[in-house]
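Residue numbers (this note's numbering), protein chains in the order written: chain A, 2 to 386; chain B, 2 to 386; chain C, 10 to 192; chain D, 10 to 192. Structure first, commentary second.
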Amino acid sequence: MQGLRSGAAWAAAICLLMSAADLMAGDFTPEQPRVAKLPAPDPARMYVSDVAISHIIDGRMHIVDGNTLKYVGVIGLGFTGLGRLSPDRREIYVATTYLAKLNRGTRTDEVDVYDSQTLKIKAEIAIPPKHAQALPYKGVIATTPDGRFIFVQNATPASSITVVDRKSAQYVTEIPTPGCWGILPAQRVSNRFTTVCGDGTLLTVTLDAAGKPSGEARSVRLFDPDKNPVYSQTENEVDEYLFLSFYGDVLSANLGGETAKIGEKWSVIGESDKQANWRPGGYQPFAFHPGTRRLYVAMHPRGKEGSHKDPAAEIWAFDTKTHQRVARVPGNNAVALAVSHEAIPRLFGIDPLSAGLLRYETAPALKFGQRVDGFGEDPILIEMQ
Amino acid sequence: MQGLRSGAAWAAAICLLMSAADLMAGDFTPEQPRVAKLPAPDPARMYVSDVAISHIIDGRMHIVDGNTLKYVGVIGLGFTGLGRLSPDRREIYVATTYLAKLNRGTRTDEVDVYDSQTLKIKAEIAIPPKHAQALPYKGVIATTPDGRFIFVQNATPASSITVVDRKSAQYVTEIPTPGCWGILPAQRVSNRFTTVCGDGTLLTVTLDAAGKPSGEARSVRLFDPDKNPVYSQTENEVDEYLFLSFYGDVLSANLGGETAKIGEKWSVIGESDKQANWRPGGYQPFAFHPGTRRLYVAMHPRGKEGSHKDPAAEIWAFDTKTHQRVARVPGNNAVALAVSHEAIPRLFGIDPLSAGLLRYETAPALKFGQRVDGFGEDPILIEMQ
Amino acid sequence: MQWLDDFFERKTREVAQLTSRRSALLKFGKILIGAGMLFPILPFDRQPQAAPGGHGGQPPQDEGDVNKDTTCEYWRYCALDGFLCTCCGGSINECPPGTEVSKVTWVGTCQNPNDNKAYLISYNDCCGVTACGRCMCNANIGERPAYRMGVHNDVNWCMGNKANAYHCTVAVALGIAEARPHA
Amino acid sequence: MQWLDDFFERKTREVAQLTSRRSALLKFGKILIGAGMLFPILPFDRQPQAAPGGHGGQPPQDEGDVNKDTTCEYWRYCALDGFLCTCCGGSINECPPGTEVSKVTWVGTCQNPNDNKAYLISYNDCCGVTACGRCMCNANIGERPAYRMGVHNDVNWCMGNKANAYHCTVAVALGIAEARPHA
């Protein structure tokens with residue numbers, strides 16, 4: 002009653018069948034089914050998180066060759082899984098929930114570790130069942146720059162951050178971060194992260210060698226959450242982190258030290274844009290390329306209270322040194338933007354209305370390149386190789 | 002760090018908020034969120050199985066008020082869950098698979114028992130991990146008419162049938178049925194089922210009081226599987242079971258005894274229909290109402306090898322006593338048909354192209370009544386209250 | 010982008026009316042945060058509501074009826090982000106059979122066009138059953154990132170329940186905020 | 010219904026050629042069944058292939074190209090029912106990265122229009138990873154109910170694997186059936 006479970010039995014059955022069907026040997030060499038390998042790692046490889054809300058317990062990270070926008074693989078994200086690549090891009094970490102019986106039963110949370118080249122699971126690290134069952138915004142999972150520690154945002158709904166030691170593959174501790182959200186690791190050291198707080202300040206937590214908190218310090222106010230809140234997405238050049246506000250301010254802070262230091266502030270919205278109420282919008286509404294100092298922002302006109310996640314009518318490019326707008330191109334409804342990590346980057350986006358992926362060239366000028374639709378159901382976050 | 006987990010804490014927080022927002026007491030009575038009750042059981046209540054193949058581990062049974070085609074509830078079917086109502090319609094049985102970590106890990110199979118009025122789970126009965134991971138065709142799960150035993154079709158891929166004792170909520174045994182498929186219980190006794198075999202015969206298995214097989218007997222040939230195979234769906238009036246063949250023959254057999262007895266055979270396809278190659282098609286391609294002796298068949302013209310699951314161009318109605326066609330109406334792409342269990346039935350259907358449900362009146366004449374689209378993703382089976 | 014224009018043009022006055030109310034809510038959020046206790050949270054967010062084609066199986070919706078509770082434009086849904094329980098076997102304040110009501114939630118304020126009053130609305134998720142998948146809506150008036158958890162809507166309200174799976178969202182009227190909302 | 014007409018008109022000659030071949034296969038199925046051992050099985054079935062709108066996220070497909078292996082009309086797919094692995098990171102005979110090849114399968118026969126020969130095709134499922142959801146195809150030539158399990162396609166080929174989840178389906182050419190298929 003066990004059927005044909007072994008490969009040998011299967012092969013035997015095939016042989017029988019081939020003889021039964023009067024196979025001609027001829028000049029044909031029978032094929033063997035195999036498992037494909039991913040193309041070699043490439044700066045244009047995209048990791049696209051998809052919450053698949055109509056089957057929210059079965060989210061996905063689509064892996065796409067951005068050179069061609071061809072689908073090359075997928076890993077399952079589970080129930081509101083939060084994904085992030087390791088600093089060396091060899092591993093994918095997914096903090097997620099499994100329920101014992103699919104949609105019911107005991108909740109188990111873990112960080113799943115996948116090999117980013119084979120897409121096979123390498124480790125399952127148990128964590129407290131508190132991971133934020135949230136959309137996969139950038140910053141809800143992060144690592145130290147040496148790859149040693151993985152940080153996971155929790156919500157019960159109280160906010161805390163789980164620390165995982167990748168080296169020992171063990172849960173380390175949970176750090177309370179009441180009223181704050183997101184994980185912005187220091188980049189020159191590997192024992193520190195900052196989180197954005199609801200009063201507009203930044204809270205920096207320093208860790209000891211084992212990953213336990215050894216101190217914390219709060220910055221002066223970065224922004225006024227009542228008047229002009231910042232998106233939770235951040236981009237950075239080493240320890241200089243950039244923030245974007247609902248009304249188009251670009252804020253900055255240095256997160257390398259024990260206390261975050263607030264930096265310059267400027268606006269992407271010129272006088273003439275204010276008339277039409279241009280505003281940023283989306284889930285990952287901007288991208289930043291340090292090498293070329295280019296900031297790309299998803300913008301829509303006639304912005305209003307509640308429009309802060311609206312799709313882009315245009316993408317605006319800025320020189321972050323001069324604060325000048327250097328390009329504006331059609332936005333293709335983008336709600337997420339990311340640039341490749343290469344000297345002359347390419348810009349990628351998500352159009353949620355068609356589950357489409359977008360590629361723009363950035364040189365010699367910002368220019369729309371390609372669109373392919375149908376990448377899953379609810380893609381909202383891009384991470385580049 | 003536990004947040005607001007208790008209802009009391011939640012209520013307290015709401016009160017705080019209401020005061021903070023300067024609530025007016027006024028003439029308004031605050032609402033309380035509650036859980037709705039299903040409308041009272043009604044002959045038009047539909048149970049629609051949906052394999053949701055794009056998220057196949059998360060199938061669904063949609064529960065719909067057929068009087069209005071209004072969605073009234075859902076139960077999760079899990080991974081290729083096979084659902085069936087109890088004879089008294091008070092319970093829904095689902096034979097399904099859960100994997101330990103959603104799409105990976107250890108496989109567990111069970112029969113889940115739901116209350117058909119509260120939609121709450123009442124029991125989980127472990128069965129061997131062999132349930133047929135198949136589309137939910139009618140007949141892959143069935144019960145004895147007294148409701149005592151539940152039968153589940155297995156495939157490993159070898160065929161066998163699992164017997165579950167509903168009374169004790171225990172797995173009883175597994176009965177090998179090599180080369181046969183489907184479960185057609187005898188209706189005047191509660192210790193017998195028949196299954197359709199690949200050589201065209203019917204195999205009848207008789208059980209002892211504990212649900213273990215005490216004997217089996219094979220009929221003469223019902224049909225020629227090479228020339229004119231029958232659909233796996235059957236309909237019945239007590240022990241007189243009706244079968245439909247790919248080329249439109251209606252076959253019958255009495256399944257009440259130790260050996261199935263082959264009955265009459267006739268065709269739904271008249272001479273003039275043969276020219277246009279009219280054929281049945283679908284996943285549940287016919288419905289039968291014993292009281293009015295009406296057979297309803299989903300038909301398409303220009304039938305060809307491989308068209309046996311094609312959507313209906315028309316629905317044809319027959320008097321099973323005279324074998325005369327008494328009506329033909331537009332088919333609305335139906336691939337599944339079912340009639341309500343009432344004196345003057347209504348006919349229901351599924352249009353898979355729009356995930357639509359269809360209702361036809363059958364009196365005074367067969368007539369299309371209503372369509373509503375968007376019932377899940379891949380609905381293919383209807384069971385009526 | 011016409012859908013966005015239409016949607017927001019219609020809501021212009023409402024937005025203006027709600028803006029200062031929202032400030033009050035945000036302040037309240039701070040009070041809770043200051044006390045080390047976060048106010049409950051919001052439903053899942055997703056792509057804009059005008060893209061029902063993004064899913065198979067979306068029933069057709071009458072756009073724009075502020076008094077029809079199976080459309081995204083129903084007045085109570087001004088900050089609802091999720092599947093409407095009214096399309097899933099529930100009602101405006103009842104979870105569908107077989108689910109349970111979320112223990113934690115957040116409260117929005119919506120203008121009732123029939124009496125021109127602003128109502129406090131609790132958006133409870135219904136929990137423990139496979140996602141409904143019908144009538145996805147997404148409105149973000151007053152919504153803020155998760156550092157203001159009390160007014161953030163991109164997390165699962167069912168997180169506080171043992172029955173953890175998200176099914177759909179109801180909009181429960183808790184009270185009238187003011188006779189005439191913030192001018 | 011035009012899609013059905015178009016689809017089957019195109020395949021008329023092929024069907025005629027395959028009919029008697031199928032009889033041979035059916036006989037073979039019986040031999041195995043008689044031995045108490047069933048031949049492996051087929052992928053999931055679903056709604057007709059002309060309804061890609063039934064799912065969100067279906068990439069646009071070039072209809073009708075018998076030499077393009079990301080379309081349902083590709084010649085090897087004459088009896089394939091499932092997601093095309095060529096749309097999922099695999100190839101015509103390679104499962105996508107991270108999956109494993111099904112241990113059990115069934116074999117169809119398809120006419121190659123380029124050399125006018127009939128090929129035996131093994132439709133292996135790829136297993137162990139969340140369903141691909143892209144390029145759903147459904148062809149049923151020679152398909153029969155599950156009492157002829159060897160030619161039934163409404164069950165999960167991954168059932169014989171420990172990695173049990175269905176992801177997508179490949180079409181592996183095992184050999185040439187005959188120089189000229191059954192007339």
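Every residue, glycine too, gets a C-beta built ideally from N, C-alpha and C.
Is there a Cβ of chain B sitting closer than 8 Å to that of N192 (chain A), yes or no? no
Candidates B:V336, B:G357, B:L359, B:V330: which alpha carbon is nearest A366 (chain B)'s? B:V330
Classify Y86 (chain C) as helix, strand or coil using the three-state DSSP reduction. helix
Using a Cβ-Cβ distance under 8 Å, would L83 (chain A) count as near chain C? no
Take G282 (chain A) as the anchor and find which of C:L183, C:P154, C:C167 has the nearest alpha-carbon. C:P154
Pull the bridge partners of M100 (chain C) from the DSSP assignment, please. The residue you asked about is not Met; residue 100 (chain C) is Ser in the sequence shown. S100 (chain C) is bridged to C:E103.
Alpha carbon to alpha carbon, what distance is there between L338 (chain B) and F349 (chain B)? 6 Å
Should T80 (chain D) be flagged as near chain A, meaning a C-beta pair shorter than 8 Å? no
Within 8 Å (strictly less), CB to CB, does T195 (chain A) reach chain D? no
Does DSSP classify H324 (chain B) as helix, strand or coil? coil
Could you have a look at G180 (chain A) and say whether DSSP puts it in helix, strand or coil? coil
Within-8 Å CB hit, V87 (chain B) to chain D: Sequence inspection shows Ser at residue 87 (chain B); the Val mentioned does not correspond to that position. By this cut-off, S87 (chain B) is not an interface position.
T409 (chain A) versus Q285 (chain A) - alpha carbon distance: As shown, chain A starts at 2 and ends at 386. That puts residue 409 (chain A) outside it, with no answer to give.
Using a Cβ-Cβ distance under 8 Å, would C198 (chain A) count as near chain B? no
Under a three-way DSSP split, which group does E272 (chain A) fall into? helix
Reduced DSSP category for I57 (chain A) - H, G, I as helix; E, B as strand; rest coil: helix
Contact criterion: CB-CB distance below 8 Å. Does C119 (chain C) meet it with respect to chain B? no
Does the separation of the CB atoms of W107 (chain C) and K121 (chain B) fall below 8 Å? Just to set this straight, residue 107 (chain C) is Gly in the shown sequence, not Trp. Cβ distance < 8 Å, so G107 (chain C) and K121 (chain B) count as in contact.
Please tell me whether T139 (chain D) has its Cβ less than 8 Å away from any Cβ of chain B. yes
Might you give, ordered along the chain, the residues of its own chain that have their beta carbon closer than 7 Å to the beta carbon of K368 (chain A), omitting 5 neighbours on each side? V330, Y361, E362
Beta-carbon within less than 7 Å of V239 (chain A)'s beta-carbon, same chain only, minus the 5 sequence neighbours each way: which residues are those? Q188, R189
Tell me, please, which residues DSSP counts as bridged to M62 (chain A). A:S50, A:I76
Can you give the Cα-Cα distance for G357 (chain A) and T79 (chain D), rounded to whole angstroms? 18 Å
Element boundaries [beta strand (DSSP E), containing L243 (chain B)]: 241-245
Along the chain, which unbroken stretches of the beta strand (DSSP E) at least 3 residues long are found entirely within the stretch 259-305 of chain A? 262-268, 287-290, 295-301
I150 (chain C) (DSSP reduced to helix, strand or coil): coil
Cβ-based contacts, 9 Å cut-off: residues of the stretch 125-140 of chain A near chain C: P130, K131, A133, Q134, A135, L136, Y138
Output, in sequence order along the chain, the residues in the stretch 95-122 of chain C whose CB is closer than 8 Å to any CB in chain A. V113
Please return the same chain residues whose Cβ sits closer than 8 Å to the Cβ of N133 (chain C), not counting the five positions on each side in sequence. C104, V110, S111, T114, W166, T178, V179, V181
Any idea which residues DSSP pairs T235 (chain A) with across the strands? None; T235 (chain A) has no bridge partner.
DSSP state of T95 (chain D) mapped onto helix, strand, coil: helix
Give the DSSP-derived three-state secondary structure of G169 (chain D) in the structure shown. helix
If you measure beta-carbon to beta-carbon, which residues of the stretch 87-114 of chain B are closer than 8 Å to chain D? T98, L100, L103, N104, R105, R108
Alpha carbon to alpha carbon, how far is Y138 (chain A) from S246 (chain A)? Give it in angstroms, no decimals. 16 Å
So with Cβ pairs under 8 Å, would you call H56 (chain B) a contact of chain A? yes
Name the chain B residues whose beta carbon is nearer than 7 Å to that of Y175 (chain D)? I57
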